[in-house]
Amino acid sequence: MAQQPLLTLKSVSKSYSGVQALSDVSIETFAGEVHCLLGDNGAGKSTLIKTMSGVVHPTSGDIMWEGQPVTLDSPKEAQELGIGTVHQDVGLIPMMSVARNFFLANEPTRGWGPFKRIDMSQANGVSIDAIRAMGISRDIDPDQVVGTMSGGEKQAIAIARAVHFGAKFLILGEPTAALGVHESEVVINLIERTKQRGTGILLITHNPTHALAVGDRFTVLTQGRVVDQFKRGERDQIMDLMAGGRRLAAAE
Amino acid sequence: MAFSANQKTGQSDHSGPSAKHLAPMTLTTLQKQPWIGAAAAAVFVFAFFAYFAGSTGFLTAGGTAGWLNTAAELGIIAIPIGLLMISGEFDLSTGSVVGAASIIVAVTVTFLGQPIALGILIALAMGVLVGLFNALLVYRTRVPSFIVTLATNFIVAGTALALSRLVTGSSTLSLRDTGWAEFAFAARWNQMYISIIWWVLAAALAAWVLRATPFGNWIYATGGNKDAARRAGVPIWWVTQVLYVWTGVSAAFVGAMTAIQFNQGNAVAGQGYVFETAIAAVIGGVLLTGGFGSVFGIVCGTIIYGIISVGLFYTGWPTDWAQTFIGALLVIAVLANNAIRNAAMQSKKGKS
Chain A
1 MAQQPLLTLK
11 SVSKSYSGVQ
21 ALSDVSIETF
31 AGEVHCLLGD
41 NGAGKSTLIK
51 TMSGVVHPTS
61 GDIMWEGQPV
71 TLDSPKEAQE
81 LGIGTVHQDV
91 GLIPMMSVAR
101 NFFLANEPTR
111 GWGPFKRIDM
121 SQANGVSIDA
131 IRAMGISRDI
141 DPDQVVGTMS
151 GGEKQAIAIA
161 RAVHFGAKFL
171 ILGEPTAALG
181 VHESEVVINL
191 IERTKQRGTG
201 ILLITHNPTH
211 ALAVGDRFTV
221 LTQGRVVDQF
231 KRGERDQIMD
241 LMAGGRRLAA
251 AE
Chain B
1 MAFSANQKTG
11 QSDHSGPSAK
21 HLAPMTLTTL
31 QKQPWIGAAA
41 AAVFVFAFFA
51 YFAGSTGFLT
61 AGGTAGWLNT
71 AAELGIIAIP
81 IGLLMISGEF
91 DLSTGSVVGA
101 ASIIVAVTVT
111 FLGQPIALGI
121 LIALAMGVLV
131 GLFNALLVYR
141 TRVPSFIVTL
151 ATNFIVAGTA
161 LALSRLVTGS
171 STLSLRDTGW
181 AEFAFAARWN
191 QMYISIIWWV
201 LAAALAAWVL
211 RATPFGNWIY
221 ATGGNKDAAR
231 RAGVPIWWVT
241 QVLYVWTGVS
251 AAFVGAMTAI
261 QFNQGNAVAG
271 QGYVFETAIA
281 AVIGGVLLTG
291 GFGSVFGIVC
301 GTIIYGIISV
311 GLFYTGWPTD
321 WAQTFIGALL
331 VIAVLANNAI
341 RNAAMQSKKG
351 KS
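Protein chains in written order, with the UniProt record's numbering: chain A, 1 to 252; chain B, 1 to 352.
Encoded structure:
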């Protein structure tokens, strides 16, 4: 499979005023694949996400997007390339409706000049179709306020929104961390579905079980270094994953 | 409302999506229509005074004009104040802007002998400047707008009073022969001032912006979750700026209008608006923490305020009780609004 990598980090290091947060990290991600990033708190996961989403610059090393070297100067620039980020708090406004959240800052309008208004029927239709395409089977009312929805449904809206607005690569920050068993399953299914539609995914998680459920490639990070990196089926997975993430195993 | 909220408490994410869908209808309706509670309260308050003061003049043209006039002047400022609160900010500087605008118009016309149009223009420009000043302070310093705009209120009030004394030797100045402006801002029909029409126009404009335009969406988002709004690409600075200027201009407008109505500019007038506008917005269903509310709700809140402050006079009861009524209503409104908010937030896990 001589597939072109989507987002690649080559020997990326990042230090904050002398403290080394990442040292010599290399990661390759591919379209239609889930790359799981495992590590304990303080392992450098969030610095890595910030590097990939344009929030911080690496101190050294290269970032490649579809084979071309890029510098990500801002989250907006990363978004324009097609790198979307969904944080653990999903970035939705709880008191606003599904459709209004979905199109926030990208509202479809109709009318002219001062009479320009949000095209609510389009917003309603498109957002519901996009969420349904994520495999959410319940009939969702585009008027429902997001705060009353389940954790899995919120993740579905956030992921559907990122994909709809052009994300080819999605960084998911601990999407299952605050969820119960059932809702975690919903989110795992969402990730599976998104991957099948050809989106590349970086899944950050504490939970090896969730990682193994959908992961194609795995990177284990400890104290800012890659301590293990392998593909699905290359290892006697759970044991090796745990052994690779000793700190993670110790914390269990 | 509190009851509906309790019904939902305890449902957590292990209950299936289908169970979620059985959320109480009343709660869902209230979340979608923030004005329902305020509208019901307005009807109730009106019925209350119609019953106790109907025979003593509350329902006459004069009584109706009384509460409508009060509500109109309050309402023109309460509307942008409400929008600001939905966006998560306060503005307590409106009172001083009203006084400053009224003395500016009087000084321009009576003292300087310039046309009234120029006076109104300068007053509105002052409103724009105060709005920009507030927005800049709030946005740059990130100090709570509550305290920042309270400071502005004192700065503007003090400056207006000092300059007025310095220039004219008095804090008040008569304003006569206002020509066309007399009709535009002080025309009366059956004791009802034209300010009621201005109020309706202001409400229609604000309702359109809030419900129908992308800018309205950004107002809700900014107040609902500022970080998420910023990440989604909402221009927070633009929202803050426009709303503070809108508020400042509205306060200046009311200041100029009342000066023309009363034939007098008064540098220390208007301090009542500082809290009355915020109270009207909260009674109208606007959430103190931002992210929730509607223009129609704010209009209802303003009507309630107007009816209570004028209606009590017609009952023959001591009007000293008016503030007690308003205070009690404010407590009820805040509790009800919070219950709705908590219900909407309760299924959210993790950071809010």
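Glycine included, C-beta positions come from ideal geometry on N, C-alpha and C. Predicted model only: the values in this text are computed from it and were never measured.
- One Cα belongs to T289 (chain B), the other to V98 (chain B), and the distance between them is close to 26 Å.
- Using beta-carbon distances, N225 (chain B) counts as an interface residue toward chain A, with a partner under 9 Å.
- Under the DSSP definition of a beta bridge, V187 (chain A) lacks any partner.
- Shortest Cα-Cα distance from A71 (chain B) to any of B:A160, B:L329 and B:I298 involves B:I298.
- The beta-bridge partner set that DSSP reports for G200 (chain A) consists of A:F169.
- In this structure the stretch 157–174 of chain A touches the stretch 69–84 of chain A; the number of beta carbon pairs closer than 8 Å is three or more.
- Shown here, I27 (chain A) sits in a strand according to DSSP, grouped into three states.
- Flagged as an interface residue toward chain B: R100 (chain A), by a C-beta distance shorter than 9 Å.
- Judged by DSSP in its simplified three-state form, M149 (chain A) adopts coil rather than helix or strand.
- Sequence-distant partners of L312 (chain B) (beyond 5 residues in either direction) whose C-beta falls short of 6 Å from its own C-beta, in its chain, are T319 and A322.
- Per the Cβ contact rule, the stretch 91–106 of chain A is not in contact with the stretch 176–191 of chain A (fewer than 3 Cβ pairs under 8 Å).
- By the rule that beta-carbons nearer than 9 Å mark a contact, G62 (chain B) does not touch chain A.
- In the same chain as G42 (chain A), and ignoring 5 residues on each side of it, the C-beta atoms closer than 8 Å to its own belong to Q223, in chain order.
- For E107 (chain A), the neighbours in chain B by C-beta distance under 7 Å run, in chain order, P214 and N217.
- Around the CB of W180 (chain B), fewer than 16 other CB atoms lie within 10 Å, so the residue is classed as exposed.
- With contacts defined by Cβ atoms closer than 9 Å, V109 (chain B) and P115 (chain B) form a contacting pair.
- Identification of chain A residues near F292 (chain B) by a Cβ-Cβ cut-off of 7 Å yields M95, ordered along the chain.
- In the same chain as F325 (chain B), and ignoring 5 residues on each side of it, the C-beta atoms closer than 8 Å to its own belong to I308 and L312, in chain order.
- For the pair Q264 (chain B) and F185 (chain B), the CB atoms are not nearer than the 9 Å cut-off.
- With a threshold of 9 Å between beta carbons, D73 (chain A) makes no contact with chain B.
- Distance from the CA atom of W218 (chain B) to the CA atom of I159 (chain A), rounded to whole angstroms, is 21 Å.
- Approximately 6 Å separates the beta-carbon atoms of V254 (chain B) and E73 (chain B); this is inside 8 Å, confirming the contact.
- Taking all protein chains in view, the Cβ of P142 (chain A) is crowded by 16 or more other Cβ atoms within 10 Å, so the residue is classified as buried.
- As summarised for the stretch 291–321 of chain B, there are no continuous beta strand (DSSP E) elements at least 3 residues long confined to that stretch.
- Out of A:V19, A:S23, A:L48 and A:G84, the CA that lies nearest to the CA of R231 (chain B) is found in A:G84.
- Closer than 9 Å to the CB of H210 (chain A) there is not a single CB belonging to chain B.
- At a cut-off of 9 Å, the C-beta of R231 (chain B) has a neighbouring C-beta in chain A.
- Counting along the chain, the unbroken alpha helix (DSSP H) around N153 (chain B) starts and ends at S145 to T168.
- Taking 9 Å as the Cβ-Cβ cut-off, the stretch 116–139 of chain A approaches chain B at K116, R117, I118, M120, I136, S137, R138 and D139, given in chain order.
- Following the DSSP letters along the chain, one finds W65 (chain A) inside the beta strand (DSSP E) bounded by residues S60 to W65.
- The continuous stretches of beta strand (DSSP E) do not include N101 (chain A), which lies in the alpha helix (DSSP H) extending over residues V98 to F102.
- Per DSSP, the continuous beta strand (DSSP E) segment holding D228 (chain A) begins and ends at R225 to K231.
- Taken atom to atom, the span from the alpha-carbon of G198 (chain A) to that of G152 (chain A) is near 21 Å.
- When secondary structure is reduced to three states using DSSP, T71 (chain A) falls in the coil class, being assigned neither helix nor strand.
- At a cut-off of 9 Å between C-beta atoms, V268 (chain B) does not count as an interface residue with respect to chain A.
- Close CB contacts of V167 (chain B) within its chain, under the 7 Å cut and outside five residues either way in sequence, are with V107 and F111 (chain order).
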